[in-house]
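Notes for the one structure printed next.
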C-alpha cells in the first residue's frame, strides 16, 4: 500500500477512526459525501481546511480497506 501519511488514527480523536491529518474529519465522512455525488471541488469548498490530497488519500485508504480477498472454503 502506498504511503498514506495524511491518514491518522488516534483514540482521542473520533474514537480512533481513520481521520485526515489528526482533524475531526473522518475518511468515512469524505467517502460518504463523494458517494452521494459531491465532487472533489464541492467538498473542498465546503471544508476549506481540506486539501485535494486529503480526499485522494481518503479514497485510496477506503479502497485498500475494502479490497476483495479470496477465502478458501474447506470441503465438508
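Numbering (the numbering used here), first residue to last: 47 to 122.
Every residue, glycine too, gets a C-beta built ideally from N, C-alpha and C.
Assigned exposure category for residue i - 16 Cβ within 10 Å defines buried
i	result
residue 76	buried
residue 95	exposed
residue 51	exposed
residue 91	exposed
residue 117	exposed
residue 99	exposed
Alpha carbon of residue i to alpha carbon of residue j, nearest angstrom
i	j	result
residue 44	residue 113	Here the chain comprises residues numbered 47 to 122, so residue 44 is not present and cannot be evaluated.
residue 67	residue 111	18 Å
residue 120	residue 71	41 Å
residue 81	residue 53	19 Å
residue 97	residue 87	10 Å
residue 104	residue 115	20 Å
residue 62	residue 89	23 Å
residue 93	residue 109	22 Å
residue 192	residue 49	With the chain covering 47 to 122 only, the question about residue 192 has no answer from this structure.
Residue i in three-state terms, based on DSSP
i	result
residue 76	helix
residue 119	coil
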